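Enquirer: For the sequence shown, the numbering used here begins at 101 and goes up steadily by one.
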Amino acid sequence: MTDEVRRQVLEAYRDIDAAIALALPRCDASGRCCRFEEYGHRLYISHFEAEILLESAPAYEGPIGAKGCPFQKDDLCTAREPRPLGCRIYFCDPTHQDLGNALTEAALHRLKQIADEQGLDWRYGPLHHFLNHPEDASAVPELPEVGR
Ligand code: SF4
101 MTDEVRRQVL EAYRDIDAAI ALALPRCDAS GRCCRFEEYG HRLYISHFEA EILLESAPAY
161 EGPIGAKGCP FQKDDLCTAR EPRPLGCRIY FCDPTHQDLG NALTEAALHR LKQIADEQGL
221 DWRYGPLHHF LNHPEDASAV PELPEVGR
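1. Which runs of the beta strand (DSSP E), 3 residues or longer, sit entirely within the stretch 112-185?
2. Using the Cα positions of Pro182 and Val109, report the straight-line distance between them to the nearest angstrom.
3. Pop quiz: Pro226 and Arg142 are said to be a contact at Cβ under 8 Å. What is the actual Cβ separation, rounded to whole angstroms?
4. Below 8 Å on the Cβ atoms is my guess for Leu231 versus Ala123; work out the distance and round it to an integer in Å.
5. Taking 8 Å as the cut-off, is the beta-carbon of Gly140 closer than that to any non-hydrogen atom of ligand 1?
6. Would DSSP call Gly200 helix, strand or coil?
7. Which stretch, first to last residue, makes up the alpha helix (DSSP H) that contains Phe230?
8. Within 10 Å of its beta-carbon, does Arg248 have 16 or more other beta-carbons around it, so buried, or fewer, so exposed?
9. Taking 9 Å as the cut-off, decide whether the C-beta atoms of Pro184 and Ile145 are in contact.
10. In chain order, what are the residues with a CB under 6 Å from some non-hydrogen atom of ligand 1?
11. Let me check understanding here. Comparing Cα to Cα, which of Tyr139, Phe136, Gln197, Leu154 lies closest to Arg126?
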């Protein structure tokens, strides 16, 4: 990831954090949102987020399944600083769902735009995919089409 891409992705993180700080959704600190199977959802991330997460998240033992996040310990996130957008946006507060969905859509659009503008490949998948295949996390330039 180039410095410029990192700057833009981290800027997107900061903007999301600011929007969440304004909205103040309720968090009961139950930790259930990171236990995906128990909660009945799945965390999808882009390769940009995966690369940033894997650079400084604690070590983990694979293979990782879809059940939950290996960075959750004692109901707390041990990868808080580099956590992906979904972790920043999602709250189980029922009054936050519409705003959460809108923020997710806008953030994804922004990350895709970064990939497009920088001519980078775009990969998006469940967290456990990138944890099991960290080589997929690095952003690679799109191959030029042949015959044009
Ligand atoms: S990175 Fe942190 S906040 Fe995100 S799912 Fe894992 S433990 Fe939860």
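Ideal Cβ placement from N, Cα and C applies to all residues, glycine included. These figures come from a predicted structure and were not determined experimentally.
Expert: By the coordinates alone:
1. 144-146
2. 11 Å
3. 5 Å
4. Leu231 to Ala123, Cβ: 29 Å. No contact.
5. no
6. helix
7. 227-232
8. Because Arg248 sits at a pLDDT of 39, beneath the cut-off of 50, its placement in the model cannot be relied upon, and the point is left open.
9. yes
10. Cys134, Leu143, Cys169, Phe171, Gln172, Cys177, Ala179, Arg183, Cys187
11. Gln197
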